[in-house]
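Comments concern the structure below.
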Amino acid sequence: VQLQASGGGLVQAGGCLRLSCAVPGSITSVFSAYDLGWYRQAPGKQRELVATIGSGGRTEYGNSVRGRFTISKDNSRKKVYLQMDSLKPEDTAIYYCNTNDSRGRSSWGQGTLVTVSS
Numbered sequence: 001v002q003l004q005a006s007g008g009g010l011v012q013a014g015g016c017l018r019l020s021c022a023v024p025g026s027i028t029s030v031f032s033a034y035d036l037g038w039y040r041q042a043p044g045k046q047r048e049l050v051a052t053i054g055s056g057g058r059t060e061y062g063n064s065v066r067g068r069f070t071i072s073k074d075n076s077r078k079k080v081y082l083q084m085d086s087l088k089p090e091d092t093a094i095y096y097c098n099t100n101d102s103r104g105r106s107s108w109g110q111g112t113l114v115t116v117s118s
């Protein structure tokens, strides 16, 4: 499964960004059955969960972003989004999108860099 993440960039603390991840090779019915997620990896740190959205729309968030970030998806466009508000310097990382299908097979996008300046 090919995933294309975009939307990263440089932003000042307190600002916002919206990340997008497209799954262009997927048909709508397959995409809608995915569990989708955003993860991030900061320099020198392990990859961590940012947010997930299940096929039924249930969302979960990492403790450090809950209340500031919002994950959503558009099945017709085959995209998953991450709205990031009130950004902090510690949010600086490469953000990766992820899909998991019903058989537990996982795919990862190439990552998009988010840099938050203080």
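Each step along the sequence shown adds one to the number in my numbering, with nothing skipped, and position 33 is 33.
Heads up, the beta-carbon is just placed ideally off N, CA and C, and yes, glycines get one too.
Note that this is a predicted model, so its numbers are computed, not measured.
Same chain, Cβ closer than 6 angstroms to residue i, neighbours up to 5 away in sequence not counted
i   : result
A22 : Q4, K79
R68 : D85, S86
L10 : T115
Y96 : Y39, W108, G109, G111
Nearest to residue i (by Cα), restricted to the options the options
i   : options              : result
Y34 : E48, G44, G54        : G54
T28 : K73, S107, Y81       : K73
S26 : G111, S117, S107     : S107
K45 : N63, G37, I94        : I94
I71 : T112, G37, S118      : G37
Q83 : R103, T52, R105, E48 : T52
Beta carbon of residue i nearer than 8 angstroms to that of residue j
i    : j   : result
G15  : L87 : yes
N100 : F31 : no
Y61  : L19 : no
Residue i burial status per 10 Å Cβ neighbour count (16 or more: buried)
i    : result
G109 : buried
A13  : exposed
L113 : exposed
Residue i - partner residues in DSSP beta bridges
i    : result
N100 : D35, S106
S72  : Y81
R40  : E48, Y95
G9   : V114
T59  : I53
Close beta carbons around residue i, own chain, < 8 angstroms, minus the five adjacent residues each side
i   : result
W24 : A small fix is needed here, since residue 24 is Pro in this sequence, not Trp. Same-chain partners within the cutoff: Q2, Q4, K78.
CB contact check: residue i to chain D, cutoff 8 angstroms
i   : result
I53 : Absent here is chain D; the protein component of the structure consists of one chain.
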